[in-house]
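Chemist: I have a structure I would like to understand better, so I am pasting it below and will then ask my questions one at a time.
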Amino acid sequence: MVFFPNAKINIGLQITAKRPDGFHNLESCFYPVPLNDLLEIIPASYTSFTLGGMAIPGDISTNLCVRAYERLKQDFGLPPVRIHLHKLIPIGAGLGGGSADAAFTLRLLNEQFMLGLSVEQLENYARELGSDCAFFIQNRPMYCFEKGDQFAEIEVSLNGYTLVLIYPNLAISTAEAYAGVRPHQPAASLRALLQAPLETWKGTILNDFEKSLFSKYPILGSLKQELYDLGALYASMSGSGSTIYGIFAQPVELPAHFDTYQVWQKTL
Ligand SMILES: C[C@@](CO)(OP(=O)(O)O)[C@H](O)COP(=O)(O)OP(=O)(O)OC[C@H]1O[C@@H](n2ccc(N)nc2=O)[C@H](O)[C@@H]1O
Ligand SMILES: Nc1ncnc2c1ncn2[C@@H]1O[C@H](COP(=O)(O)OP(=O)(O)O)[C@@H](O)[C@H]1O
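Below is the structure:
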């Protein structure tokens, strides 16, 4: 069976408090984006994991696909499988690619082996694997809060807009990003701000990771400004970085020097 785990962007990200468990409470709109990895899992005589596309740091046993398989195997005694991941979503990019791979592994195994797990059960397994993972079970625009693993419905649509993603060949670890942020209660509710027309977001909707990461990596702030100069209606860093995205009214011709980065553009 073959699934295509997709990326996400964060529209707005407020880090509101440090939790007693060491994690942070946040508020954000998670929005799925059709930039995909390829994940194939088939029954086999022994379990193996192979990787194509981009290299992923870390031992195979720490790969989130393998961890997701091992977690379900614990409870359901799954047979051996051959897992192949073709990695296309940039890593350490704030696009949630690893979390998507984990969640899609759970979804695929649930179908392949007819485990009969409900959405809620799959979300609970996903929460064990990472704060972002549960989002990719339902995989639709959601207002996310607490660790980023609790959800509320929100009416946000980017349909018809052109989305540009720029990954400046710089991997930022999530832990590094959280270390630089000072949690605070926001002056305005992100949820309310997101309900206003997209044209108003530029002046109102912020990603709290930008402040410290833009000082540490000035290229990030420059790219965001360039997207505005090119006519973006809204531009931001996604999640814990380093991807900078722009939302445009129509397709945009990007300057030649962007060729040194990984650039993706699509009308949604
Ligand atoms: C920042 C966000 C926002 O969308 O995503 P990314 O941009 O990285 O994809 C998420 O909070 C990332 O979620 P995820 O990447 O699943 O994080 P985890 O593996 O659970 O945790 C990695 C590390 O990040 C920190 N962490 C993560 C989530 C959270 N709510 N508070 C935290 O403090 C912790 O230091 C933790 O050890
Ligand atoms: N299948 C996977 N794809 C990407 N990263 C993975 C995967 N499995 C484990 N990881 C680890 O997760 C971290 C990056 O996660 P990723 O989702 O790409 O970044 P981000 O949280 O910025 O969106 C890296 O430390 C990487 O080694």
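Numbering-wise, the sequence shown is residues 1 to 268 according to UniProt numbering. Ideal Cβ positions, reconstructed from N, Cα and C, are used throughout, including at glycine.
1. Measure the C-alpha to C-alpha separation of Ala177 and Gln250 and round it to an integer number of angstroms.
2. How would you write the range of the beta strand (DSSP E) that Phe49 sits in, first residue to last?
3. Do three or more CB pairs link the stretch 217–228 to the stretch 177–195 at distances below 8 Å?
4. Using 10 angstroms around the beta-carbon of Tyr143, count the other beta-carbons present and answer buried if the total reaches 16, otherwise exposed.
5. Taking 7 Å as the cut-off, does the CB of residue 309 come closer than this to any heavy atom belonging to ligand 2?
6. Taking the C-alpha atoms as reference points, what is the distance between residue 288 and Pro32?
7. Would you call the stretch 74–90 and the stretch 38–50 in contact, with 3 or more CB pairs under 8 Å?
8. Going by beta-carbon coordinates alone, are Ala256 and Ile244 separated by less than 8 Å?
9. Sort Gly246, Phe76, Leu26 and Gly92 by Cα distance to Leu106 and report the nearest one.
10. Assign Met237 to buried or exposed, taking buried as 16 or more other Cβ atoms, counted over all protein chains shown, within 10 Å of its Cβ.
11. Heavy atom of ligand 2 less than 7 Å from the Cβ of Pro57, yes or no?
12. Rounded to the nearest angstrom, how far is the Cβ of Pro90 from that of Gln262, given a contact under 8 Å?
13. Buried or exposed, going by whether 16 or more other CB atoms sit within 10 Å of the CB of Thr62?
14. Only counting runs of 3 or more residues, tell me where the beta strand (DSSP E) segments fall wholly within the stretch 23–76, in order along the chain.
15. With respect to the beta strand (DSSP E) encompassing Gly221, which residues constitute its N-terminal and C-terminal limits?
16. Assuming Glu123 and Ala134 make a contact with CB atoms under 8 Å, what is their CB distance in whole Å?
17. Less than 7 Å separating the Cβ of Leu198 from some heavy atom of ligand 2?
18. Look up Arg182 in the DSSP assignment and say whether it is helix, strand or coil.
19. I'd like the ranges of any alpha helix (DSSP H) spanning at least 4 consecutive residues and lying wholly in the UniProt domain "GHMP kinase N-terminal" (63–137).
20. Restricting to Cα atoms, I'd like to know which of Phe258, Leu78, Tyr228 and Ser240 is closest to Met13.
21. Please state if the CB of Leu163 and the CB of residue 270 are separated by a distance shorter than 8 Å.
22. Specify whether the stretch 146–155 and the stretch 17–26 touch according to this definition: at least 3 beta carbon pairs, one from each stretch, less than 8 Å apart.
Modeler: Per the coordinate set shown:
1. The straight-line gap separating the alpha-carbon atoms of Ala177 and Gln250 is approximately 32 Å.
2. Ser48 to Gly53
3. Result no; under three Cβ-Cβ pairs closer than 8 Å.
4. buried
5. With the chain represented from 1 up to 268, any question about residue 309 goes unanswered, as that position is not in the structure.
6. Because the chain is modelled from 1 through 268, residue 288 falls outside the range shown and cannot be assessed.
7. yes
8. no
9. Nearest C-alpha to Leu106: Phe76.
10. buried
11. yes
12. 6 Å
13. exposed
14. 24–36, 38–43 and 48–53
15. Where Gly221 is concerned, there is no enclosing beta strand (DSSP E), although the alpha helix (DSSP H) it sits in stretches over Pro218 to Asp229.
16. Taking a contact as a CB-CB distance under 8 Å, the pair Glu123 and Ala134 counts as one, their CB atoms being some 4 Å apart.
17. Answer for Leu198: no, Cβ out of range of ligand 2.
18. coil
19. 64–76, 97–112 and 119–129
20. This sequence places Leu at residue 13; Met is not what is there. Closest option to Leu13, Cα to Cα, is Ser240.
21. Look at the range of the chain in this structure, 1 to 268, and you will see that residue 270 is not part of it.
22. Because the criterion of three Cβ pairs below 8 Å is met, the stretch 146–155 and the stretch 17–26 touch.
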